[in-house]
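Working notes, structure below.
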Amino acid sequence: MILRSGESRAPLALRSLSVAYRGVPALWDVSWEAREGAMTAIVGPNGAGKSTLLNAAMGALRPLAGEAFFWGQTFADVRSRVAYVPQRESVDWDFPVTALEVVEMGSARRLDWLLPTWVRRGTANRGHRQEARGCLEELGLGAFADRPIGQLSGGQQQRVFLARALAQRADLLLLDEPFAGVDSETEGALFQRLRRLCSEGTTVVAVHHDLETARSRFDDAMLMAGSVVATGPAADALSEDNVRRAFAPGSRATVQLA
Amino acid sequence: MLVVPSWSLTSLASAPMTGAATASAEGGLLEAWTRVLSFQGGYNTNVVLLGTILLGISAGAVGSFAMLKGRALVADAISHASLVGVALAFLLHAALGQQERSMPLLMLGAALSGACAVVAIEWIAKHTRLSPETAVATVSSASFGAGIVALSATRRVDGADRAGLDELIFGSTASMTSADALLMAVLAAAALGATLALYRVLTAVAFNERFARSKGLPVRLLDVILAALVGAVAMAGLQAVGMLLVAALLVAPAATARLWTTRVAPMVVVAAAAGAGAAWVGASLSAVTPNAPAGPMIILAAASTFLVSLLIAPQRGVLSGWLRHRRLAATARRVAATASGSRSAGGEA
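Sequences listed follow chains C and W, in order.
The letter at position 196 of the first sequence is residue 649 when you use the numbering used here, and the numbering goes up by one with no holes.
The letter at position 168 of the second sequence is residue 177 when you use the numbering used here, and the numbering goes up by one with no holes.
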């Protein structure tokens, strides 16, 4: 294995990452590392660049400058070890697909994409399906496997997406507001499931909105407003003082053009 | 004031079907139609009919993915843009002193200008804050304007085969030779084959682009491929359905299928069947009816299927929704009545 960053083997390490949309900076000079086996909340006001951070790290956006490393390698090298749950709003929920089919997209390996389902008969395929079903059952959605996703509630849809992430058996989960539209009871259950993954060595990085649960349920936090405001253990990073600074009007770093 | 371009009138007039016009003279319309429907209308009619049916199948399948991707109207932009390409190819051909119509050259022109339209749409959608719909609408209407201008220019060319050009606008199966039909069938079959081969990736990208990208699927390349497939169907349908209407053949069967199905695979199958049915009924009706060009007949058949489906489809249909609502309202009223009854009874006690 070639380590390209030279130093860090953290599951996710950002080095001076800056991203802009049409000349407007969304992310400025962000350097940060996720701790292995920990749950980290990315917290910040609307427009702080939280989703941008995840997308840029995965190479979906081209940064102005800076780099992102996963275990010291680029995202393309370790793709299969990372599972990503996008924001709810980025998906067409009226799409004609069942919950089980969504989860199966998670466990699909590279070659599977090119083979139509009716070609992949036999045990391998059945194993896949069984695995996907298991992930749905784990999140209490076993009875909804064959429902079109449009017929599920918001919280159930979010759980389907988490089931798809589980099916990927990844070492790093990147979650973009995974608890949006989830009721508090389900949220508790999901947190427990994520906690168990962490104890098995998985790293969880989640964009999260609720400050209370960010402090109580997560190990670490990364508070940001365009650029990094505070990082570290959740309770410290999300101190009243830091939060006030990050959420204050005009908190986003103004960039001095050189 | 609406000015009807003269080419539209001439093309309507020049559209009667030659293949089976004789058939309608021999017996009733229904009898003649049954004969063509059951593939007894003669070799050339059969070849054209079969080719058109294959076009319908292909349009249904490709159109399904275009619709799921939210790019159904790209077909419209491509077809409008192909007006420009066809007219320019025609002018070039005439300038080189050629008299005969050259279908491959016209198709090449259409393909090139269609590709330009797709590039323009994707560029606007990516590099400006305008929504993709606005990008499609702008490019589509701009190309239509350019197309009309280019077509007027062709009218000044003397002696060239203008009629052939007119037929491409509204579609005419009558003037199609077996070779034309074969070209159409090959293009349609290729688009169909590619769509089926890429079935899973196209679904994944249409459903959740960001996730697909995180899994390493070449999202941009697949966008280009889908646009190319839409373009291939549009080119294939140029002659039979016509430039202006081929977009409808991509959209209507897919929209129909979405009403009946809740999963992608059945949707593609139903859309293909709806496209085939529309092509079969429309092209054969056009063959036995004087002055009924094939393109509009096929589109009318597809639109009727959609309309009926919209009414009677079990889950997403208008009727079933209305019935569900009525049943629910009745139940709600009953519940409210018993609740207020028990409340007043409780209040008195």
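Note that beta-carbon positions come from the ideal geometry of N, C-alpha and C, so glycine has one too.
Exercise for review: Sort C:G490, C:L470, C:S469, C:P549 by Cα distance to T656 (chain C) and report the nearest one.
Suggested key: Across the set C:G490, C:L470, C:S469, C:P549, the C-alpha of C:G490 shows the shortest separation from the C-alpha of T656 (chain C).
Practice item. Report the three-state DSSP secondary structure of G685 (chain C) (helix, strand or coil). Key: It is a strand residue.
Exercise for review: Determine the DSSP secondary structure at Q49 (chain W), reduced to helix, strand or coil.
Suggested key: Here DSSP, grouped into helix, strand and coil, assigns Q49 (chain W) to coil.
**Study point:** Where W524 (chain C) sits in the DSSP three-state scheme
**Key:** W524 (chain C) sits in coil when the DSSP states are folded into three classes, being neither helix nor strand.
Review point. For V214 (chain W) versus V228 (chain W), is the C-beta distance shorter than 8 Å?
Key: Contact annotation: V214 (chain W) and V228 (chain W) have beta-carbon atoms nearer than 8 Å.
Review point. Which residue from C:Q609, C:R532, C:Q621, C:T639 puts its Cα closest to that of R222 (chain W)?
Key: That would be C:R532, whose Cα lies nearest to the Cα of R222 (chain W).
Check your understanding: Expressed to the nearest angstrom, what Euclidean distance is found between the alpha-carbon atoms of P262 (chain W) and R325 (chain W)?
Key -> So the alpha carbons of these two residues sit roughly 15 Å apart.
Check your understanding: Ends of the beta strand (DSSP E) at P113 (chain W)?
Key -> Segment 112–136 is the alpha helix (DSSP H) holding P113 (chain W); no beta strand (DSSP E) there.
Check your understanding: Under three-state DSSP, which class holds L105 (chain W)?
Key -> L105 (chain W): coil per DSSP, three-state reduction.
Exercise for review: Taking the CB atoms as reference points, tell me whether S88 (chain W) and L253 (chain W) lie closer together than 8 Å.
Suggested key: Less than 8 Å divides the Cβ of S88 (chain W) from the Cβ of L253 (chain W).
**Study point:** Helix, strand or coil at R165 (chain W) [DSSP, three-state]
**Key:** For R165 (chain W), the secondary structure class from DSSP, reduced to helix, strand or coil, is coil.
Check your understanding: How big is the Cα-Cα spacing for F597 (chain C) and H661 (chain C)?
Key -> Roughly 27 Å separates the two Cα atoms.
Point to revise | Proximal residues to L320 (chain W) (C-beta, below 7 Å), its chain only, five neighbours per side dropped | key: Closer than 7 Å at Cβ, skipping near neighbours: G326, V327, L328.
Check your understanding: Any chance the stretch 544–564 of chain C sits against the stretch 635–649 of chain C, with 3 or more Cβ pairs inside 8 Å?
Key -> Flag = no, the stretch 544–564 of chain C and the stretch 635–649 of chain C do not touch.
Point to revise | Same chain, Cβ closer than 6 Å to R115 (chain W), five either side skipped, listed in chain order | key: The sequence given here places Leu at residue 115 (chain W); Arg does not occur at that position. Taking L115 (chain W) as the centre and dropping the five residues before and after it, the same chain places the C-beta of V95, A98 closer than 6 Å to its C-beta, in chain order.
Review point. Using a Cβ-Cβ distance under 8 Å, would M558 (chain C) count as near chain W?
Key: In terms of beta-carbon proximity, M558 (chain C) lines the interface with chain W, with at least one pair separated by less than 8 Å.
Review point. Beta strand (DSSP E) containing P478 (chain C): first to last residue?
Key: Note, P478 (chain C): beta strand (DSSP E), 477–487.
Point to revise | C-alpha gap between W132 (chain W) and R698 (chain C), whole angstroms | key: In a straight line, the C-alpha of W132 (chain W) is about 39 Å away from that of R698 (chain C).
Check your understanding: Roughly how many angstroms separate the alpha carbons of T163 (chain W) and A585 (chain C), rounded to a whole number?
Key -> Between T163 (chain W) and A585 (chain C), the C-alpha separation is close to 60 Å.
Review point. With respect to 7 Å, is the separation between the Cβ of V472 (chain C) and the closest non-hydrogen atom of the ligand GTP below this value?
Key: The model on display carries no ligand, and the ligand GTP is accordingly not part of it.
Check your understanding: chain W beta carbons: is any one of them nearer than 8 Å to that of T527 (chain C)?
Key -> No, T527 (chain C) does not count as interfacial toward chain W.
Check your understanding: When DSSP labels each residue in this structure, what does A466 (chain C) get in the three-state scheme?
Key -> Three-state result, A466 (chain C): strand.
Exercise for review: Following the continuous alpha helix (DSSP H) through D629 (chain C), name the residue where it begins and the one where it ends.
Suggested key: Membership of D629 (chain C) in any alpha helix (DSSP H) is not indicated; the residue belongs instead to the beta strand (DSSP E) covering 625–629.
Point to revise | Start-end ranges of the alpha helix (DSSP H) lying completely within the stretch 635–698 of chain C, minimum 4 residues | key: Complete alpha helix (DSSP H) runs here, min 4: 637–652, 664–670, 687–690.
Review point. Can you tell which of C:L514, C:M675, C:S680, C:V696 has its C-alpha closest to the C-alpha of A494 (chain C)?
Key: For A494 (chain C), the nearest C-alpha among the options comes from C:M675.
Exercise for review: Would you mind telling me which residues of chain W sit closer than 8 Å to V550 (chain C), beta carbon to beta carbon, in chain order?
Suggested key: Those within 8 Å of V550 (chain C) in chain W are T212, F216, R272, V273.
Check your understanding: What do you get for Y208 (chain W), buried or exposed, if any count of 16 or more other CB atoms within 10 angstroms of its CB means buried?
Key -> Flag for Y208 (chain W) reads buried.
**Study point:** In chain order, each beta strand (DSSP E) run of at least 3 residues that lies wholly inside the stretch 57–96 of chain W
**Key:** Runs found: none.
**Study point:** Distance between G580 (chain C) and Q604 (chain C) (C-alpha atoms, nearest Å)
**Key:** Taking the straight line joining both Cα atoms gives about 26 Å.
**Study point:** Close Cβ partners of E640 (chain C) (< 6 Å) along its chain, the five nearest in sequence each way excluded
**Key:** Correct list, in chain order: F632.
Check your understanding: Touch check for the stretch 230–250 of chain W and the stretch 35–54 of chain W: three-plus C-beta pairs under 8 Å?
Key -> No contact exists between the stretch 230–250 of chain W and the stretch 35–54 of chain W.
Practice item. Starting from L77 (chain W), find everything on chain C with Cβ-Cβ shorter than 9 Å and list it in chain order. Key: Here the neighbours are D545, F548, P549.
Practice item. Return helix, strand or coil for G180 (chain W), following the three-state DSSP convention. Key: Of the three classes helix, strand and coil, the one that applies to G180 (chain W) here is coil, per DSSP.
**Study point:** Nearest-angstrom Cα separation, counted from G593 (chain C) out to G587 (chain C)
**Key:** Cα to Cα, the separation comes out at about 10 Å.
Review point. With A266 (chain W) and A280 (chain W) assumed to form a contact (beta carbons below 8 Å), what rounded beta-carbon distance in angstroms separates them?
Key: With a Cβ gap of about 4 Å, A266 (chain W) and A280 (chain W) count as contacting.
Check your understanding: Looking at the C-beta of G72 (chain W), does it have a partner C-beta in chain C at a distance below 8 Å?
Key -> Not an interface residue.
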